[in-house]
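Quick notes on the structure that follows.
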DNA sequence: GTTTTGCGGATATTCTGTATCCTTAATTTG
DNA sequence: CAAATTAAGGATACAGAATATCCGCAAAAC
Ligand code: SF4
Ligand code: SF4
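Protein chains in written order, with my numbering: chain D, 1 to 162; chain Z, 1001 to 1162.
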């Protein structure tokens, strides 16, 4: 069980978009270059963010992406689910139905305990991600990243933001 | 991100093994038949449990598997990690190293905030699974499964247990 | 009108999960 | 002892998902 690398990409891109001045856009090209990622494929991740209404887009030169809401109104789960999907990590194939001892026509009223426990763990994972806001991430990064790198990165970004 | 179906299989098999009388073994053949699973492939899952020292095995006719410890000393995480592996679900490909603004020779002292937050969620998932013991599962199942089915299943099992 | 951009569809490639088969060694049964 | 049964592990095939690239389209900027 492993998350797609697009999750990492999307999180990093959102962190960058969170630092954009009001009303400006940043293109896929710039984001791909900044992170050293395949432009065409990163585009798919950004499209996922767009479909989840996490980002606004505009076309044409000087077009690109910007956050649809403030970084404090977007949490990690929003971003992760946009890319990874909302499906639970444990899928029940209902193997208990194959039990040869089962009376014919026996109908299970609810999902069995195994599934419920696995889903509970899944919910704990989601809860943790839900509690971390994009603004929290930006706060941590701005403290941890070396100031000169932090600054030159955003100069680099602003030069390319439409 | 989806868990392998072997996880479900392993959990169900352990629940059955937990109901075996002291010292008896149950074969792959019986477990596969009971759950309607491909015997050869289920065998791989059981081998994982064996490698993780969760079950004891013995060869020959009347051989098979039994729990290596009491059901109260085995938790969900033990079983899940045995078949799914202990790797974290989020893998960091360190894309920040591609930042063109990076000073040459810049060395990151620690994993970045994105990775740490994702790993924290992973830990929450594991914690939840760690807190549920196999004996808890058996307790719930014995209450929820219709008594006649519960009983006939274990009669079926005992008839095949070596 | 030309360029740039996001978007979606189509396609190819690589990797993982699923599944089967076969050999070997240990153990029970007769 | 001989035959049957079992777990273990290696080899291999198959299916589906993740990764990646390419193309055509419509909207926006200039
Ligand atoms: S016991 Fe639970 S997890 Fe297993 S098949 Fe039934 S519903 Fe699914
Ligand atoms: S920012 Fe974190 S998750 Fe992203 S590449 Fe760097 S270390 Fe990995």
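Backbone N, C-alpha and C define an ideal beta-carbon position, used for all residues, glycine too.
Beta bridge counterpart(s) of residue i as assigned by DSSP
i: residue 1057 of chain Z; result: Z:1065
i: residue 75 of chain D; result: D:133
i: residue 34 of chain D; result: In the DSSP output, where bridge partners are listed per residue, residue 34 of chain D has none listed.
CB-CB length for residue i against residue j, believed under 8 Å
i: residue 100 of chain D; j: residue 1033 of chain Z; result: 7 Å
i: residue 1043 of chain Z; j: residue 1135 of chain Z; result: Not really, about 26 Å apart at Cβ, beyond 8 Å.
i: residue 1064 of chain Z; j: residue 1026 of chain Z; result: 5 Å
i: residue 49 of chain D; j: residue 10 of chain D; result: 6 Å
i: residue 1122 of chain Z; j: residue 1088 of chain Z; result: 5 Å
i: residue 1080 of chain Z; j: residue 1007 of chain Z; result: 6 Å
i: residue 69 of chain D; j: residue 162 of chain D; result: About 20 Å separates the two Cβ atoms, so there is no contact after all.
Candidates the options: closest to residue i by CA position
i: residue 40 of chain D; options: D:23, D:28, D:121; result: D:28
i: residue 1114 of chain Z; options: D:90, D:122, D:141, D:3; result: D:141
i: residue 78 of chain D; options: D:130, D:56, D:2, D:125; result: D:130
i: residue 1053 of chain Z; options: Z:1060, Z:1059, Z:1066; result: Z:1066
i: residue 1017 of chain Z; options: Z:1057, Z:1036, Z:1116; result: Z:1057
i: residue 1012 of chain Z; options: Z:1031, Z:1003, Z:1002, Z:1020; result: Z:1031
i: residue 90 of chain D; options: D:6, D:118, D:22; result: D:118
i: residue 128 of chain D; options: Z:1126, Z:1120, Z:1127; result: Z:1120
i: residue 158 of chain D; options: D:51, D:112, D:62; result: D:62
i: residue 1014 of chain Z; options: Z:1150, Z:1096, Z:1122, Z:1138; result: Z:1138
i: residue 1085 of chain Z; options: Z:1108, Z:1045, Z:1055, Z:1070; result: Z:1045
i: residue 1154 of chain Z; options: Z:1004, Z:1021, Z:1002; result: Z:1021
i: residue 93 of chain D; options: Z:1162, Z:1035, Z:1094; result: Z:1035
i: residue 1001 of chain Z; options: D:151, D:145, D:83; result: D:83
i: residue 76 of chain D; options: D:125, D:47, D:156; result: D:125
i: residue 150 of chain D; options: Z:1110, Z:1162, Z:1096; result: Z:1096
i: residue 1107 of chain Z; options: D:3, D:5, D:4, D:144; result: D:144
i: residue 109 of chain D; options: Z:1152, Z:1105, Z:1051, Z:1146; result: Z:1146
i: residue 1152 of chain Z; options: Z:1051, Z:1019, Z:1112, Z:1116; result: Z:1019
Ligand 2 heavy atom lying under 7 Å from the CB of residue i
i: residue 1095 of chain Z; result: yes
i: residue 1101 of chain Z; result: no
i: residue 1115 of chain Z; result: yes
i: residue 1092 of chain Z; result: yes
i: residue 1112 of chain Z; result: yes
i: residue 8 of chain D; result: yes
i: residue 12 of chain D; result: yes
Alpha helix (DSSP H) segment containing residue i, residue limits
i: residue 22 of chain D; result: It is not in any alpha helix (DSSP H) - residue 22 of chain D carries neither H nor E in the DSSP assignment.
i: residue 154 of chain D; result: 147-160
i: residue 1106 of chain Z; result: Looking at the DSSP string, residue 1106 of chain Z is not in any alpha helix (DSSP H), and its letter there is neither H nor E.
i: residue 1092 of chain Z; result: Unbroken run through residue 1092 of chain Z: none, as it is neither H nor E.
i: residue 48 of chain D; result: 39-51
i: residue 1005 of chain Z; result: 1005-1017
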